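Chemist:
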Amino acid sequence: MKKIVLTGGGTAGHVTPNIALLPALREAGFEVTYMGSYDGIEKRLIGDFEIPYVGISTGKFRRYLALQNLTDPFRVIKGFSEARKFLKQYRPDVVFSKGGFVSVPVVRAASSLGISCIIHESDMTPGLANRLCIPVAEKICCNFPETLKLLPENKAVLTGSPIRSELSQGNRLTGLNMCGFSANKPVIMVMGGSQGAANVNKAVRQALPQLLEDFQVVHLCGKDKMDNLLLTTPGYKQFEYIKSELKDLFAMADLVISRAGANAICELLALKKPNILIPLPAASSRGDQLLNAQSFESQGFSIVINEDDLSTELLVDKIHELYFTRQTYCDAMGRSGQLDSIKAIMGLIENAAS
């Protein structure tokens, strides 16, 4: 049996694409093991899939002054040693990394043993962890055409991001019943990420009087960010967080308003959902969401509103603009070469393993 080690962690975005690959890996006859940090989010997320999990020490590479910068290099060295010991014994045919700092010692250890490594970069510009892995990677998968120019030409492959197949298997009627919505009025789904997005939440709620005249709104607002005063508002349904039912909400949604995290927007692309992106500002991140959103806008997939420009009037205007031109965005997404990412990535994994 062919063996593969998956790695990646620190955030859900570094884990869910690995999860999306699991059915194809099993169908192709791979024995799968996951390597992550001792107690990171990746351990919790992978726990539902009956996959052997190997925890290693990990540290973060910070660009700012912090006391942990003195101790974390030793944690990374320890993680490298732990990863190398396991990999030397297990001898996988290939390692697939989705990034995050836990992946660095795993990929580097695999390379030192002559094990083929494939890495995936979600954002437009490679993050620090992946930049440390690029020199030893056999292939580098990416989501954006612009990223190809930032990677070694002989290694870079535009694949898109693996998307869980079940997201395309939702039932519109189930979603409508779940929200108590009518089938005769279009639905907007608002996604602020697992932590919610305070400014997006505020803007959507302020716009509700105008929006509910023409639309119904389902709002994934983040943990502890429900507005109790709006719980009984007809046509407006709030959830802190959705798991298995997300597929039904996607099936129900005519339009989506979202942050511009790479995995979230790749899901919108795969499902061909007309969307408005409100990226996280540069002051709150390394600016990757702004670049992701600009790329999707330039490819004709999205309308973008910068958070600094966000207002009730602008949001309502852009929602109506998107709704009346939605087919244009669906057509552009349908022409994308990034829709069959699992097939493309599996081809690279099979080649590396053989």
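Whatever position you read off the sequence shown (first residue = 1), add 992 for this note's numbering.
Glycine included, C-beta positions come from ideal geometry on N, C-alpha and C.
Treat the numbers as computed from the prediction; the structure is a model and nothing was measured.
Is M1181 near E1237, with beta carbons less than 8 Å apart?
Modeler: Not closer than 8 Å, so no.
Chemist: Would you say I1268 touches the ligand NAP, meaning its beta carbon is less than 7 Å from a heavy atom?
Modeler: Within the structure as shown, the ligand NAP is missing, as the structure has no ligands at all.
Chemist: In whole angstroms, what is the alpha-carbon distance linking S1287 and A1254?
Modeler: Their Cα atoms are separated by approximately 11 Å.
Chemist: So what does DSSP say about S1160, is it helix, strand or coil?
Modeler: Note: S1160 maps to helix in three-state DSSP.
Chemist: Ordered along the chain, which non-local residues of its own chain (more than five positions away) have a Cβ less than 8 Å from that of P1271?
Modeler: Once the five neighbours on either side are set aside, the close Cβ partners of P1271 are R1251, A1252, Q1281, L1282, N1284, A1285, V1296, N1298, E1299.
Chemist: Helix, strand or coil for V1094? Go by DSSP, reduced to three states.
Modeler: V1094: coil per DSSP, three-state reduction.
Chemist: In the DSSP assignment, what residue or residues form a beta bridge with C1258?
Modeler: In DSSP, C1258 forms no bridge with anything.
Chemist: The alpha helix (DSSP H) with T1008 in it runs from where to where?
Modeler: Segment 1008-1019, the alpha helix (DSSP H) holding T1008.
Chemist: Using 8 Å as the limit for Cβ to Cβ distance, is R1076 near chain C?
Modeler: Of the protein chains in the structure, only one exists, and it is not chain C.
Chemist: Are E1145 and I1132 close, meaning C-beta to C-beta below 8 Å?
Modeler: Contact flag unset, no.
Chemist: Of the choices I1043, Q1291, D1301, G1339, whose alpha-carbon is the least far from that of Y1321?
Modeler: Cα-wise, what sits closest to Y1321 is Q1291.
Chemist: May I have the straight-line CA-CA distance separating R1076 from L1105, to the nearest angstrom?
Modeler: C-alpha separation (whole angstroms): 8 Å.
Chemist: Here's the rule: buried if 16 or more other CB atoms are within 10 angstroms of the residue's CB, otherwise exposed. What is R1018?
Modeler: R1018 should be labelled exposed.
Chemist: Hey, how far is the Cα of T1117 from the Cα of T1139?
Modeler: Roughly 6 Å separates the two Cα atoms.
Chemist: Which two residues bound the contiguous alpha helix (DSSP H) that contains Q1291?
Modeler: Careful: Q1291 lies outside any alpha helix (DSSP H) and carries neither H nor E.
Chemist: Measure the Cβ-Cβ separation of V1209 and L1221 and say whether it is below 8 Å.
Modeler: Cβ atoms of V1209 and L1221: not closer than 8 Å.
Chemist: Should the segment 1083-1092 be regarded as contacting the segment 999-1012, the criterion being three or more beta carbon pairs within less than 8 Å?
Modeler: Counting Cβ pairs under 8 Å, three or more are found: they touch.
Chemist: Opposite Y1367 in the DSSP bridges: which residues?
Modeler: As displayed, the chain neither begins before 993 nor continues past 1346, which places residue 1367 out of reach and without an answer.
Chemist: Might you give, ordered along the chain, the residues of its own chain that have their beta carbon closer than 6 Å to the beta carbon of T1166, omitting 5 neighbours on each side?
Modeler: For T1166, where only same-chain residues beyond five positions count, the Cβ hits under 6 Å are D1240.
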